[in-house]
Amino acid sequence: MIKYLKKIGINARTAFKSLNNYNLKKRNKIINTYNKELGKNLKKILNENNKDLKICKRNDLVDRLILDKNKIENIRHSLNEINKFKDPLGKVISNWKRPNGLRIKQISVPIGVMGVIYESRPDVTCNVSALCIKSGNVAILKGGSEAYFSNKILSNLFKVSLKKNNTDPNCIQFINLRSRKVVDYLLSEMSDYIDVIVPRGGKGLVGKVKKFSKVNVIGHLEGNCHVYVDKDANLNMAKKIVVNSKMRRTSICGAAETLLIDKKCLKSHAIPIIEELIFLGCEIIADNKINKLFGGKLKLAKESDWKTEYLNPKIAVKVVDGVNEAIEHILRYGTMHTDSIVTNNKKTASLFLNRINSAIAVHNASTQFADGGEFGFGGEIGISTNKLPPRGPVGINQLTSYKYILEGKGSIRS
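Each residue of the sequence shown is one higher than the last, beginning at 26 in this note's numbering.
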């Protein structure tokens with residue numbers, strides 16, 4: 026295992042050097058070739074995905090694991106969007122001239138080798154590969170064993186696309202080993218080869234990566250997202266936003282897990298919104314005030330419920346005394362992912378948006394817009410809740426670093 030992983034690391038470093046010789050046109054051509062390969066090999070991809078589905082023993086993973094014709098078409102659409110972006114490399118971020126005549130430029134450059142560790146979502150293989158190539162980076166992919174066959178064919182097709190464009194196929198490498206020890210080794214012994222680790226998965230995986238990685242990490246631990254319904258919220262709008270935030274897809278990190286409702290609109294807003302959630306099959310975990318509204322028939326919330334990312338049709342509901350208490354609750358229990366306010370009061374909205382510490386702050390819209398594609402990034406390598414950049418969806422432009430270029434005319438420092 027050690028010899029195999031080190032070889033992958035060496036290959037990645039070599040591939041990164043070669044990739045930087047290619048201009049935007051060449052990088053786009055690689056992605057376009059991959060797009061065509063996905064279309065040509067649809068039946069093979071679905072057959073390999075079916076192998077994973079037959080082996081999968083966890084029903085909660087099926088939604089993320091399954092590939093069908095529509096999902097492949099969505100992936101191909103994302104690749105088309107990625108190809109439309111301008112070159113993220115070589116951009117002059119800023120430039121200025123010093124009094125001594127020295128000119129300084131800040132220029133965007135690729136990060137290098139991205140190590141991506143992910144679970145159950147084979148579409149990550151496609152998006153990460155394309156985003157990395159577009160931004161001049163190379164990737165080492167460690168997908169979960171539950172999606173082994175799907176990830177293998179999708180990464181192999183990218184290698185085919187690289188070869189067809191006379192590019193080092195090791196720009197994208199998929200680790201074929203299924204052992205969990207692979208992750209431990211990537212985190213602790215591959216810092217000479219990997220520049221950044223990106224974990225895509227559950228709390229257990231991300232927590233382990235953040236705790237043990239000797240390499241810089243981009244990612245989020247949990248998506249404990251909130252929707253706060255203010256007293257000045259339009260009821261129909263609030264109902265649509267809350268239902269979409271929770272029920273559109275309950276298993277994604279941008280799904281709402283806590284609903285906060287202003288006590289001044291308790292009867293007018295809380296009852297119809299909660300009734301709609303119950304009708305749609307959502308379990309309500311309520312505080313005492315909400316429970317009384319429903320005759321004590323709801324499950325009572327514990328302290329732990331305000332901290333829980335359910336990732337299923339379940340939501341914790343609490344009554345708060347206005348926007349300030351809502352903010353305090355989010356600051357205490359939130360995970361700096363995505364939090365939304367529903368209100369027609371611009372002053373209240375501004376207070377909320379400015380004071381919460383979320384990577385994504387939302388006004389009058391669903392939390393499920395926490396997605397690189399919805400941001401117009403074409404796709405994402407992950408969502409970051411780090412205080413240091415990048416934050417939020419990590420797309421093409423977020424996969425760059427920068428360097429300074431100093432230009433003088435025989436300049437020397439006195």
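We treat Cβ as the ideally placed atom computed from N, Cα and C, and that holds for glycine.
Quantities reported herein were computed from a predicted structural model and do not represent experimental measurements.
Going by DSSP in three states, residue i sits in which element: helix, strand or coil?
i       : result
Glu-432 : strand
Pro-224 : strand
Met-272 : helix
Met-139 : strand
Pro-418 : strand
Ser-103 : helix
Leu-294 : The sequence as given places His at residue 294; Leu does not occur at that position. Residue state, collapsed to three classes: helix.
Lys-122 : strand
Arg-205 : coil
Ser-145 : coil
Ser-375 : helix
Lys-130 : strand
Ser-216 : coil
Ser-238 : coil
Label residue i either buried or exposed according to how many other C-beta atoms from any shown protein chain fall within 10 Å of its C-beta, with 16 as the threshold for buried.
i       : result
Trp-331 : buried
Lys-327 : exposed
Val-231 : buried
Val-267 : buried
Pro-124 : exposed
Arg-205 : exposed
Asn-152 : buried
Gly-229 : exposed
Asp-93  : exposed
Glu-300 : exposed
In whole angstroms, give me the CA-to-CA distance for residue i and residue j.
i       : j       : result
Ile-200 : Pro-113 : 28 angstroms
Gly-398 : Gly-404 : 5 angstroms
Gly-347 : Lys-288 : 7 angstroms
Lys-324 : Val-254 : 21 angstroms
Thr-425 : Val-138 : 11 angstroms
Cys-196 : Lys-159 : 11 angstroms
Lys-54  : Leu-156 : 13 angstroms
Gly-248 : His-362 : 6 angstroms
Ala-311 : Ile-340 : 8 angstroms
Asn-457 : Ser-293 : Since the displayed the chain opens at 26 and closes at 439, residue 457 lies outside it and no answer follows.
Lys-69  : Gly-417 : 34 angstroms
Val-345 : His-245 : 27 angstroms
Val-240 : Ile-165 : 14 angstroms
Asp-217 : Val-117 : 29 angstroms
Gly-226 : Leu-67  : 26 angstroms
Tyr-173 : Ser-119 : 44 angstroms
Ile-219 : Gly-161 : 15 angstroms
Ala-37  : Val-163 : 7 angstroms
Asn-261 : Leu-336 : 25 angstroms
So, at 7 angstroms on beta carbons, what are the nonlocal neighbours of residue i in its own chain, with the 5 sequence-adjacent residues on each side left out?
i       : result
Ile-243 : Val-221, Val-223, Gly-407, Ser-409, Asn-411, Pro-415 and Val-419
Gly-115 : Ile-132 and Ser-133
Val-208 : Ile-142 and Lys-167
Ile-56  : Leu-104, Ile-107, Asn-108, Ala-155, Ile-158 and Lys-159
Ser-436 : Asn-125, Gly-126 and Leu-127
Ile-296 : Leu-318
Only counting the same chain, and skipping five residues up and downstream in sequence, which positions put a Cβ closer than 8 angstroms to that of residue i?
i       : result
Arg-101 : Asn-60, Leu-63 and Gly-64
Lys-82  : none
Asn-181 : Phe-199
Counting only C-beta atoms, is residue i closer than 8 angstroms to chain B at any point?
i       : result
Lys-317 : Structure shown: chain B not included; a single protein chain is present.
Near residue i, which residues of its chain fall below 6 angstroms by C-beta distance, leaving aside the five closest residues on each side in sequence?
i       : result
Gly-433 : Leu-127
Val-387 : Ser-365
Gln-198 : Ile-33 and Ile-165
Thr-373 : Asp-255 and Val-348
Thr-392 : Cys-250, Ser-270, Gly-279, Ala-281, Thr-363 and Ser-365
Leu-305 : Met-272
List the residues that DSSP assigns as beta-bridge partners of residue i.
i       : result
Ala-341 : Thr-283 and Ile-310
Ala-386 : Asp-364
Phe-199 : Leu-166
Lys-425 : In the sequence as displayed, the identity of residue 425 is Thr instead of Lys. DSSP, once it has assigned bridges, lists Pro-135 as partnering Thr-425.
Leu-325 : Ala-311
Tyr-253 : Leu-285 and Ile-366
Val-117 : Ile-132
Ser-409 : Gly-417
Got a sec: does the ligand ZN put a non-hydrogen atom nearer than 7 angstroms to the Cβ of residue i?
i       : result
Ile-100 : Inclusion of the ligand ZN in the displayed structure is not the case, the ligand content being empty and no account of it being possible.
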